[in-house]
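There are 2 protein chains.
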Amino acid sequence: MAQNKKNQFDQQDIDIALIAKALSHPARIAIIRALARRNTCICGEIVQMLPLSQSTVSQHLKELKDVGIIRGSIDGPRSCYCLDHQRLSWCMQKLSVFFNESITGILP
Amino acid sequence: MAQNKKNQFDQQDIDIALIAKALSHPARIAIIRALARRNTCICGEIVQMLPLSQSTVSQHLKELKDVGIIRGSIDGPRSCYCLDHQRLSWCMQKLSVFFNESITGILP
DNA sequence: GACGTATATCGTAAATATGCGATAAAGTCA
DNA sequence: TGACTTTATCGCATATTTACGATATACGTC
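So the sequence lines, in the order shown, correspond to chains A and B.
Note that numbering that gives the first Met the number 0 numbers the first sequence so that position 58 is 57, with each residue one more than the last.
Note that numbering that gives the first Met the number 0 numbers the second sequence so that position 30 is 29, with each residue one more than the last.
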């Protein structure tokens, strides 16, 4: 029981759900906002800003990286993150289209 | 451990995360799409459309109802659901503002 | 090379989500 | 009333997420 049935849905719906899942925790929203504030990337400063441990923040960063919303690069002993604006725009586009179709009732 | 720290974040971020969470499962996306297709509400037909049991679908419907995206009404022995367009627009607005702020870097 | 710093990953515990069958509740119809 | 239909909810099993400390890794500095 409790088998995963998520892959039995339309790829479109799976994609939207994956984007939404990446945004479904306030820590990840806060991280995105923090990176948006300074277009220069931050690193462990993010840990200071959140009420979470270093390892937990690292996990959230990884989740955002996995969906491509942020990118990480190594800068000496520390690693810096920044938003992938192109990917962010793509996500917004996907969600916007979904919402607009749902609201207007005009679906493909 | 694994205590819930979600309420230690900005209310803004919590709100966005809650909207995203409601959309974070393909079944719920499919339900919204189905309701958008026919502006007339459906009921147990939704169960037929999804690869899930009746009880599981009922749970997903409840989750969408809890965030206000859909509304349910009783029609004889069956219950009908329909989109709350106003609430949907509000959700889209919230997400759009968040995305736009993040992309442009112009934050309040 | 030895030490300190920063970060990712591992292991684990707890919480939450997902999914189902069984059952309850509420309605319809003979 | 009794049989049937439809849906919500309960109880439970499993999967996933969240969170942390401990540890490993990688880098810079002395």
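All C-beta atoms in this analysis are idealised placements derived from N, C-alpha and C, irrespective of residue type, glycine included.
Note that the structure is predicted; figures quoted are calculated from it, not measured.
**Message:** Which residues of the segment 27-45 of chain A have a Cβ closer than 9 Å to any Cβ of chain B? Give them in chain order.
**Reply:** Arg27, Ile28, Ala29, Ile31, Arg32, Leu34, Ala35, Arg36, Arg37 and Asn38
**Where Gly71/B meets chain A, residues with beta-carbon distance less than 7 Å** = Ordered by position in chain A, no residue passes the 7 Å Cβ test against Gly71/B, which lies about 17 Å from the chain.
**Asked** Does any C-beta atom of chain A lie closer than 9 Å to the C-beta of Cys90/B?
**Response** yes
**Request:** For Pro50/B, go through chain A and note every residue whose CB falls closer than 8 Å to its CB, in chain order.
**Result:** Lys4, Gln7 and Phe8
**Asked** Short check: CB of Leu94/A to CB of Ala35/A, under 9 Å?
**Response** no
**Message:** Between Gln7/A, Asn38/A and Lys4/A, which has its C-alpha nearest Thr103/B's C-alpha?
**Reply:** Asn38/A
**Message:** Assuming the contact rule is C-beta atoms closer than 8 Å, Ser101/B and Ile31/A should be a hit. Round their C-beta distance to whole Å, please.
**Reply:** 5 Å
**Message:** Can you give me the C-alpha to C-alpha distance between Val116/B and Val46/A, rounded to a whole angstrom?
**Reply:** Within the shown structure, residues of chain B are numbered from 0 to 107, placing residue 116/B beyond reach of any answer.
**Three-way DSSP call (helix, strand, coil) for Leu82/A in this model** = strand
**Prompt:** How would you write the range of the alpha helix (DSSP H) that Ser72/A sits in, first residue to last?
**Reply:** Unbroken run through Ser72/A is the beta strand (DSSP E), Ile69 to Asp74; no alpha helix (DSSP H).
**Message:** Closest to Pro76/B by C-alpha separation, out of Gln92/B, Gln85/B, Pro107/B and Gly43/B, would be which residue?
**Reply:** Gly43/B
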